[in-house]
DNA sequence: GTTTAAATCATACGACCGTTTGAATTGCCT
DNA sequence: AGGCAATTCAAACGGTCGTATGATTTAAAC
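Chains as they are written, first to last, in the working numbering: chain A, -3 to 226; chain B, -3 to 226.
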């Protein structure tokens, strides 16, 4: 039985229990980010994890379930941190206006910093950027589970920070902003191509400052749509 | 020999020559956009095109070459139209300032309108949005061929339309802006999720107006980075 | 020490993959 | 009519895929 099922009352094995599962998740996360979901076979994952092939279908039901498990495992702390930062920003604002930049920082900060969270160098951000554009229906099916609460919280936060905008406009600018983030995460090759010989800054603080400034400017311009119509 | 090789002096067959090749490209374009590159097999393509399996490797050397052919075929007229519109915008501006919105319209307009260009309904925009995030090195290798001239022209155009910005900042905002576009094209599911019960506008004019407004606001905010520092 | 369930293992299944081959067919040319 | 290159075709190649099976090993419970 799966070691996460504790209903039997059996104590989890300290030596090996859970180790294999974690090794699979780690290897899968790394390979998915590097080569995509379809191009990464279970054999490559189990070989990298130094684990038997059948253990994937034992611990997870299928490859698709493994993908979902990889995403949920990494998204959970990121989303928790997002809400944490949003809570702080809202408390800081009090009755006064909620700063758009603070909301955006709460949204993108935890993702950009997810690289060093795992302890070792993981390229999960690249994987996350890949998720949105992955074909198939399964990715849309995990939206509610993966970012249901986050979406709900940031929906109202963005509406509060963009008082001039209507709901639909705010959602569109949220969508565009997420696009900027996802594209930065997933397509570093294009940035290198655009910059030509210039080197791309990898410092998280600088990147976040640029990204948030771009997002805020775009969202405010879209929110002010009504007034500037002509 | 491939029908596009006219060096033999042989006149291309009017009845069948070129027909198979086009059928393959059409079917491949549709299936690639719908299910991605890796998940679309040559057998599914040839079945949809009602063409023999081996004809893919006859007309194109390999699956990867077919992918490149699909992309180039559709990108060429789009890029030509982009440069056409940019020429018009620059001529219109004359010695005066180049409007950022005009440059952005020239960049995104042809892509958003690519749906109806093929005559029938094609979902090439979705395919294009997929390209940037596709794993593997081959996509980075076709950047120069696919948008080399376009990138060069728009690099200088954006620099001219954003006089306050430095080169690096302009390239970053260009990257973010492309991200918004690509994400809109590739991930309509997320927009639907964000909008909840609200319906997403599909009218090209309205979408383009929103997108350009967002991009322009973001790029200007990033260009003004120096002055607003603190 | 025996029992028992969880976990790992080697192995195999059927399906599908991209590509190749060589023969059959087509249709323009002389 | 005959030649010939371009094209289409059925069939097969070797590989890899996700998943399933049944035996084996592990270690906690009694």
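Note that beta-carbon positions come from the ideal geometry of N, C-alpha and C, so glycine has one too. What you are looking at is a predicted structure, and each value in this text was computed from that prediction instead of being measured.
> Near residue 154 of chain B, what residues of its chain come up, given a Cβ to Cβ distance below 8 angstroms and the 5 sequence neighbours on each side ignored?
Replying inline: 96, 99, 166, 169, 170 and 215
>> Quick check on residue 54 of chain B: buried or exposed, where buried means 16 or more other Cβ atoms within 10 Å of its Cβ?
In response: exposed
> Measuring CB to CB, does residue 89 of chain A end up less than 7 angstroms from residue 160 of chain A?
Replying inline: no
> Hey, how far is the Cα of residue 144 of chain A from the Cα of residue 42 of chain B?
Replying inline: 40 angstroms
> What residues from the stretch 21 to 37 of chain A come within 8 angstroms of chain B, judged by C-beta to C-beta, listed N to C?
Replying inline: 30, 31, 32, 34 and 35
>> Distance cutoff 7 angstroms, beta carbons only. Does residue 61 of chain A sit that close to anything in chain B?
In response: Cβ-Cβ to chain B under 7 angstroms: no for residue 61 of chain A.
> Candidates A:182, A:71, A:92 and A:142: which alpha carbon is nearest residue 126 of chain B's?
Replying inline: If we check each option's Cα against that of residue 126 of chain B, A:182 comes out closest.
> When we look at the beta-carbon of residue 28 of chain A and count the other beta-carbons within 10 Å, is it buried (16 or more) or exposed?
Replying inline: buried
>> With the cut-off set at 7 angstroms, would you say residue 108 of chain A and residue 200 of chain A are in Cβ contact?
In response: yes
> Which chain B residues are close to residue 134 of chain A, counting only those with a beta carbon under 7 angstroms from its beta carbon?
Replying inline: The premise fails here: residue 134 of chain A is roughly 11 angstroms from chain B at the closest Cβ pair, so nothing lies under 7 angstroms.
> Between the C-alpha atoms of residue 123 of chain B and residue 62 of chain A, what's the straight-line distance to the nearest angstrom?
Replying inline: 26 angstroms
> Cα-Cα, which of A:163, A:20 and A:105 is closest to residue 79 of chain A?
Replying inline: A:105
> Should residue 47 of chain A and residue 20 of chain A be called a contact, given that it needs their Cβ atoms to be closer than 7 angstroms?
Replying inline: yes
>> So that I know if they touch, is there some Cβ in chain B lying closer than 7 angstroms to that of residue 191 of chain A?
In response: With its beta carbon less than 7 angstroms from one in chain B, residue 191 of chain A belongs to the interface.
>> For residue 146 of chain A and residue 73 of chain A, what's the separation of their Cα atoms in angstroms?
In response: 12 angstroms
> Beta carbon of residue 175 of chain A, beta carbon of residue 217 of chain B: below 7 angstroms?
Replying inline: Result no, Cβ atoms of residue 175 of chain A and residue 217 of chain B do not sit closer than 7 angstroms.
> Under three-state DSSP, which class holds residue 85 of chain A?
Replying inline: Here residue 85 of chain A sits in helix by DSSP.
> Are residue 91 of chain B and residue 164 of chain A close, meaning C-beta to C-beta below 7 angstroms?
Replying inline: no
> Along the stretch 151 to 185 of chain A, what residues have a CB closer than 8 angstroms to any CB found in chain B?
Replying inline: 151, 163, 164, 165, 167, 168, 169, 170, 171, 172, 173, 174, 175, 176, 177, 178, 179, 180, 182, 183 and 185
> Excluding sequence positions up to five away, which residues of its chain have a Cβ less than 7 angstroms from the Cβ of residue 178 of chain A?
Replying inline: 125 and 128
> Can you give the beta carbon distance from residue 32 of chain B to residue 45 of chain A, rounded, assuming they're within the 8 angstroms contact cut?
Replying inline: Not quite, the Cβ-Cβ distance comes to about 25 angstroms (not below 8 angstroms), so this is no contact.
>> Distance cutoff 7 angstroms, beta carbons only. Does residue 124 of chain B sit that close to anything in chain A?
In response: no
>> Would you say residue 210 of chain A lies against chain B (beta-carbon separation less than 7 angstroms)?
In response: Residue 210 of chain A counts as touching chain B.
> By the 10 Å Cβ neighbour count, where 16 or more other Cβ atoms means buried, how is residue 130 of chain B classified, buried or exposed?
Replying inline: buried
> Is residue 94 of chain B closer than 7 angstroms to residue 40 of chain B when the C-beta atoms are compared?
Replying inline: Not in contact: residue 40 of chain B and residue 94 of chain B (Cβ atoms no closer than 7 angstroms).
> Taking the alpha carbon of residue 204 of chain A as the point to measure from, which residue in A:57, A:101 and A:30 has its own alpha carbon closest?
Replying inline: A:101
> Measuring CB to CB, does residue 120 of chain B end up less than 7 angstroms from residue 59 of chain B?
Replying inline: Not closer than 7 angstroms, so no.
>> Against residue 19 of chain A, what residues of chain B qualify as contacts under a CB-to-CB distance less than 8 angstroms, listed in chain order?
In response: Correct list: empty, because the minimum Cβ distance to chain B is about 22 angstroms.
>> As a quick exercise: from B:18, B:17, B:103 and B:188, pick the residue whose alpha carbon is nearest that of residue 84 of chain B.
In response: B:103
>> Let's test the definition: count the other Cβ atoms within 10 Å of the Cβ of residue 8 of chain A and tell me whether it reaches 16, buried, or not, exposed.
In response: No answer about residue 8 of chain A holds up, because its pLDDT of 42 lies below 50 and its placement is not dependable.
> Is it right to say residue 25 of chain B is buried, meaning 16 or more other beta carbons lie within 10 angstroms of its own, or is it exposed?
Replying inline: buried
>> Suppose contacts are defined by Cβ-Cβ distances below 7 angstroms. Is residue 136 of chain A in contact with residue 185 of chain B by that definition?
In response: Against a cut-off of 7 angstroms, the Cβ pair of residue 185 of chain B and residue 136 of chain A comes out as a contact.
>> Assuming the contact rule is C-beta atoms closer than 8 angstroms, residue 172 of chain A and residue 190 of chain B should be a hit. Round their C-beta distance to whole Å, please.
In response: Residue 172 of chain A to residue 190 of chain B, Cβ: 11 angstroms. No contact.
> For residue 125 of chain B, which of helix, strand or coil comes out of DSSP?
Replying inline: helix
> The alpha helix (DSSP H) spanning residue 141 of chain B covers which residue range?
Replying inline: 139 to 157
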